[in-house]
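Here's the structure, in structure tokens; my notes come after.
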Amino acid sequence: MTTQGPGLHTHVLDTLGLEIAAGEHPPGQVLRTDELAQRFDVSRTVVREVIRVLESMHLVESRRRVGVTVRPTEAWNVYDPQVIRWRLAGADRPRQLRSLTVLRSAIEPVAAGLAARNATPEQCAALTECALGMVATSRGQQLEGYLEHDIAFHRIVLNASGNEMFARLGDVVAEVLAGRTHHQVMFEDPDPAAVTLHVRLAEAVREGDAAAAERLTKEIAVGALHELDVLAP
């Protein structure tokens, strides 16, 4: 008897997404609807819904008379937060984290400079609050609390840049920070130097010092790359 429901849809999607991201289904492999329905004990309707989601991420494509085919990595929507999460869960995690951190180091300093010019008083206050929250949770292995403040901090910087393209990268940055934390690719207690840099960055944005904001963000990125070199060589 087949079953269906939102929980099953999520289970099938996550399982297939993780398997494709890990290379268990290589490019060109055909995924057959009937076989997947039997494997997961779900209806073909559930499988088709999952396939549509995977197609939207460009992980697979439907071909007439062929079926659903796994696409090569270079075709994937690597900026999709779920794709990032699946890739970070696999053996290729160190390379993926490094690649995403290099991307951040290229984008976030520019966004921080713009934020120093464009941030509203409300955004400046929220940024300072997040920085103080990071200080408060940086000891005693409060990594989940620290992560919450860290994600919010970087979202505010991207949003305060006033550039909608940068703002859309908030989910990408959130997945990088969450993946680094949940897969233990950071120290048990955050680096005090990194925490201080975030506090100083909040000050630079509040004071409208674009040059300092860019420089401090670059220093944060360098520190993140160093941490990766130590913990995920």
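Each residue of the sequence shown is one higher than the one before, starting from 1 at the first, in the working numbering. We treat Cβ as the ideally placed atom computed from N, Cα and C, and that holds for glycine. Small disclaimer: the values here were computed from a predicted structure and weren't measured.
DSSP three-state assignment for residue i, whether helix, strand or coil
i: residue 59; result: coil
i: residue 185; result: coil
i: residue 31; result: strand
i: residue 105; result: helix
i: residue 208; result: coil
i: residue 25; result: coil
Per DSSP, the bridge partner or partners of residue i
i: residue 90; result: In the DSSP output, where bridge partners are listed per residue, residue 90 has none listed.
i: residue 67; result: 63
Cβ-based burial, residue i [other Cβ within 10 Å; buried from 16]
i: residue 29; result: exposed
i: residue 109; result: buried
i: residue 230; result: exposed
i: residue 179; result: buried
i: residue 96; result: buried
i: residue 57; result: buried
i: residue 226; result: exposed
i: residue 140; result: exposed
i: residue 150; result: buried
i: residue 214; result: buried
i: residue 190; result: buried
Option nearest residue i by Cα separation, candidates the options
i: residue 50; options: 183, 147 and 11; result: 11
i: residue 233; options: 62, 189 and 185; result: 185
i: residue 254; options: 217, 182, 36 and 144; result: Examination of residue 254 is not possible in this model, given that the chain is present from 1 through 233 alone.
i: residue 118; options: 72, 209 and 200; result: 209
i: residue 131; options: 164, 196 and 106; result: 196
Beta carbon of residue i nearer than 8 angstroms to that of residue j
i: residue 120; j: residue 202; result: no
i: residue 161; j: residue 167; result: yes
i: residue 83; j: residue 77; result: yes
i: residue 228; j: residue 65; result: no
i: residue 53; j: residue 71; result: no
i: residue 21; j: residue 86; result: yes
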